[in-house]
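One structure is given here, and the rest of the page talks about it.
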Amino acid sequence: MDLGHSLFVVFTCFLMARCRTEIGKNITVVVMLPDNHLKYSFAFPRVFPAIRMAHDDIQKKGKLLRGYTINLLNHSTESQGAGCSESQAQIMAVDTKLYEKPDAFFGPGCVYSVASVGRFVNHWKLPLITAWAPAFGFDSKEEYRTIVRTGLSTTKLGEFAHYLHSHFNWTTRAFMLFHDLKVDDRPYYFISEGVFLVLRRENITVEAVPYDDQKNSDYREMISSLKSNGRIVYICGPLDTFLEFMRIFQNEGLPPEDYAIFYLDMFAKSILDKDYKPWESSDINWTDPIKLFKSVFVITAKEPDNPEYKAFQRELHARAKQEFSVQLEPSLEDIIAGCFYDGFMLYAQALNETLAEGGSQNDGINITQKMQNRRFWGVTGLVSTDKNNDRDIDFNLWAMTNHKTGQYGIVAYYNGTNKEIVWSETEKIQWPKGSPPLDNPPCVFSMDEPFCNEDQLPVLGIVAVGSGLALIIFGISSFLIYRKLKLEKELAGMLWRIRWEELQFESPNKYHKCAGSRLTISQRGSSYGSLITAHGKYQLFAKTGYFKGNLVAIKHVNKKRIELTRQVLFELKHMRDVQFNHLTRFIGACIDPPNICIVTEYCPRGSLQDILENESINLDWMFRYSLINDIVKGMNFLHNSYIGSHGNLKSSNCVVDSRFVLKITDYGLASFRSSCENEDSHALYAKKLWTAPELLIYDRHPPQGTQKGDVYSFGIILQEIALRNGPFYVDGMDLSPKEIVQKVRNGQKPYFRPTTDTSCHSEELSILMEGCWAEDPADRPDFSYIKIFVMKLNKEGSTSILNNLLSRMEQYANNLENLVEERTQAYLEEKRKAENLLYQILPHSVAEQLKRGETVQAEAFDSVTIYFSDIVGFTSMSAESTPLQVVTLLNDLYTCFDAIIDNFDVYKVETIGDAYMVVSDSQSRNGKLHAREIAGMSLALLEQVKTFKIRHRPNDQLRLRIGIHTGPVCAGVVGLKMPRYCLFGDTVNTASRMESNGEALKIHLSSATKEVLDEFGYFDLQLRGDVEMKGKGKMRTYWLLGEKTDVYVI
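Under mature numbering (1 follows the signal peptide of the UniProt record, and there is no 0), residues -19 to -1, 1 to 1031 are what the sequence shown spells out, in order.
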């Protein structure tokens, strides 16, 4: 009995452990949403496909939650035909927690449902992620600490309203109307309460008036309350009620120019569905709608403009139709589904980090903390959360931008991440009175000021006011006249003009050494352009000179003369006025024919193209982002200046000064630009690699270009910086510039663009590149947006300018150290080669004396052994062979000999034809060993020559004749040109005679050598006898037969 009970307990524990293991590999996510997609923008048919898309992306890509399976459960929170149900949501949440053991909740969307479920999940310590719960109350993290909102929130809308009031100096009061039926989800109340509470928090008096449906509302009473309480009005309600309010506003005769009315329409239904005219949808008989709506603004959510969102929207609609049989039309409501998608990805990232740190998958407190203050790029653009786990939301501000047609346009958008309003450069607010209305006009809401009760101004006051106005008018007129005269004086003075005689040029040698810059220069283009010809790329020196003692860059203009029209004078004046750290300074221009040129600031570090092509310069990403940031700053300033655009932006027109600050050059002065390349030249097409496709359709596009064309060029430069493979690099394709330009110009899908490689750079940078070189110019971002985007990417560079500069200098120093070390190693290698060559020509000791600069003195040696050899029958063999065959024979033979003599303490003196001369002890001073070394070497050479094969006469054997003699010599270096180490003395002549009187394949030696060899005792010698020697008489000589095998050699 006890044994059975024990086995049962063990088996039960095993099953429980196994179940816990299996549960640990599964993540359960519960999605709770209503069903009515026509009523709710966060209903199941709209949102659940997006959550499934995020789920599929995580499971397929495998970067997050690898090894885990995410199970999705879906439950409806809507009562049958009654809309959102708070009780239904609570029941479903508790039942799911009890039976399904979920790890996270998504939804429910409805405010009251989120509030009740949020208290439960806070108690359970599980995360609840939603993209629609705008109520201000969810800011309280004591009660809702595990709620994460990735969509719209009323607090963020209130912050936008506060920044609007600060911008227009509305600091006193405002008025609010909101629609409220006190049933279902009360969306208009919860959207507007953030504006009310945030403005109240900023000490602004806000009067809030609710209203219900149109039949029960007294709009005239609302208008009366408006007149008494405010001029800055916020209205949040259905579109028909808003238009009815405006109709009464018109009928009551209120002056629209005294008011600023903001209609809170998060999904832009009043704008996008009504041909950009809010009043078009009603049957109201408007007296003058354009005049009435001039003071009406519409605040909406900002639709994402990144390409990922468009692709997401298309797939969302396709899935909704396939999975729910619901046909969705593109609208701003799709942003809610996108925010749910990003919320799911945010949860997956936080959970992945928690699990990686050893945490639990149901530790909601830790997971939600990891979602705070986080940034990543989602399908709805940049996802940025604050410390309350609420997403920073962007909003659009719409206003009537065309007072003729009444059409609305976006005049500004609120960047929630940076907490700033970005105003449009093209669309401006056109206030009816020329300026914003006052929020607290005098003598309207308060009569406490003394002058409010006086019926008329005193005479003295009228005189004072009149005199003041006259003085103001006189002052303004004088100022305008002064400015006009000053402008004309500047134009006539031509302060920009430089005489050719004022430019000084150094001699060519000094110019290239001192005044030149290793920059790439275009053929009759920019001083800093790339010279790409049919022969390849060149590194040349930029044209430079001296102006007033300063080194300047000079760009010659290929024109015979410049007509100084008023337009040209204005261009030159504006160029001279440009002063910015990331644009090269325009110094002046010379218009003296034929020396027409532009003189600009000189940057000695070269162009960006040079730096990228120089493989010896290591560029880390901090340095690259710094260069990118400099380009963006320069182009953003240029686009906001009078010049407007560049027109020829490329990496060779981005130059670097001595402080490693990148500057943009070759901008402006469209009247000076010209092109002299042949229409089909290689250089012309190479310069067009940065040109936008819409400009390539022109044979010669406008020199000033377009702003969107500059953005395209910037995208190509980004790819150059990221990959460092040259402009317009396409992986796996070797195309000429002409072929590339033609493919881009064709504009056929898929559009031909450079290669991006996320293994070499970040995915965000790839997204920015693709956005910049979009085919449709309208889809390309402007540089103000790019500036914000790059600042977010370049987190290191944005922390400290000083650290960035110090890092640049450290990088430069490291590059210099590496370069010096590389050049030093190359120098030492070349020195080693030169010394080896010297050692092969001269003895080691003599070579060392020459290296030290010493004079080599002749030296006498008491006893050396000299070897001579030649080839018997060499003359006849040479006569029967070609010169090349003879040279080949001798080279093969002496190469073989040289390899053998390296094994002996000898020195090869020279070779003359077939003669070979070797000496021992002339430098090493090895006692009497010199005779032994020469004898051993002779035997080795004789043995080797017996097996030597002649290439062109393989059947013939070489017959080597060797002679050896020992005696005193004098040695020294002879000559200055091609110096030679020579031996002098009778010993040399005797050794030569021993060779010439010898026999083939034998070693002939003198008695002097024999006496020395006898002291070693192991050489086999044979007496030849007395031999008659020319000039010597008879000499007794011997044959060296070999070494004795029965003698032990020490």
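Think of the CB as a built atom: it goes at the ideal place given N, C-alpha and C, for glycine as much as any other residue.
Is the beta carbon of residue i sitting closer than 7 Å to the one on residue j?
i	j	result
Cys578	Val538	yes
Ala318	Leu297	yes
Val95	Ala114	yes
Tyr623	His555	yes
Tyr962	Leu823	yes
Ala807	Tyr820	no
Thr135	Phe117	yes
Val900	Val955	no
Leu986	Tyr1019	yes
Val11	Phe119	no
Thr77	His160	no
Ile943	Met918	no
Asn7	Asn52	yes
Indicate the three-state DSSP secondary structure (helix, strand or coil) for residue i in the structure shown.
i	result
Pro116	Looking at the sequence provided, one finds Ala at residue 116 rather than Pro. Ala116: coil per DSSP, three-state reduction.
Tyr1019	strand
Leu545	coil
Ser405	coil
Val360	coil
Pro320	Before going further, note that residue 320 is Cys rather than Pro in the sequence given. It is helical.
Met959	coil
Pro674	helix
Ala155	strand
Lys1025	coil
Ser588	strand
Trp260	helix
Cys877	helix
Met352	coil
Who are the Cβ neighbours of residue i in its own chain at under 6 Å, not counting the five residues just before and after it?
i	result
Ser859	Val867
Ser632	Leu589, Gln590, Ile698 and Glu701
Phe25	Leu14 and Asp16
Leu630	Asp691 and Ser694
Asp937	Ile931
Buried or exposed, going by whether 16 or more other CB atoms sit within 10 Å of the CB of residue i?
i	result
Glu992	exposed
Asp323	buried
Thr127	buried
Lys491	Residue confidence is low: Lys491 scores 49 on pLDDT, short of 50, so the model does not pin down where it sits. Its coordinate-derived value is still stated next. It is exposed - the Cβ of Lys491 has fewer than 16 other Cβ atoms within 10 Å.
Asn370	buried
Thr50	exposed
Asn872	exposed
Tyr394	buried
His146	buried
Asn396	buried
Tyr848	buried
Thr581	buried
Glu314	buried
Closer than 7 Å by C-beta to residue i: which residues in its own chain qualify, once you throw out the five before and the five after it? Chain order, please.
i	result
Pro311	Gln294
Val360	Glu289, Tyr290, Phe293, Gly319, Tyr322 and Asp323
Ala70	Met13, Thr58, Pro89, Ser94, Ser97 and Val98
Asn343	Asp84 and Leu107
Gly207	The residue asked about is misnamed: residue 207 is Leu in this sequence, not Gly. The residues are Phe156 and Val214.
For residue i, which residues of its own chain have a beta-carbon under 8 Å away from its beta-carbon, when the five flanking residues on both sides are left out?
i	result
Ile252	Asp246, Pro259, Val279, Thr281, Trp379 and Tyr389
Cys65	Pro15, Tyr21, Thr58, Glu59, Pro89, Gly90, Cys91, Tyr93, Ser94, Asp165 and Asp166
Leu939	Ile852, Leu874, Val926, Phe929 and Ile931
His384	Ile271, Lys275 and Gln411
Handout entry: Touching by the beta-carbon criterion (3+ pairs, under 8 Å), the segment 203 to 217 and the segment 168 to 175
Key = With a cut-off of 8 Å on Cβ pairs, the segment 203 to 217 is in contact with the segment 168 to 175, counting three or more such pairs.
Practice task
Could you tell me whether the segment 708 to 718 touches the segment 660 to 680, using the rule of 3 or more Cβ pairs below 8 Å?
Solution key: With a cut-off of 8 Å, the segment 660 to 680 and the segment 708 to 718 count as touching, because enough Cβ pairs lie within range.
Practice task
Decide yes or no for the touch test of the segment 299 to 311 against the segment 23 to 36: beta carbon pairs closer than 8 Å, at least 3 of them.
Solution key: Segment contact: the segment 299 to 311 against the segment 23 to 36, three or more CB-CB distances shorter than 8 Å; contact assigned.
Handout entry: At least 3 beta-carbon pairs within less than 8 Å: the segment 740 to 758 vs the segment 711 to 722
Key = Output reads no: the segment 711 to 722 does not touch the segment 740 to 758.
Handout entry: contact_flag[the segment 148 to 156, the segment 420 to 428] where n(CB pairs < 8 Å) is 3 or more
Key = Short answer: they touch.
Exercise for the section: Could you tell me whether the segment 591 to 609 touches the segment 559 to 567, where touching means 3 or more Cβ pairs closer than 8 Å? Expected result: Counting Cβ pairs under 8 Å, fewer than three are found: no touch.
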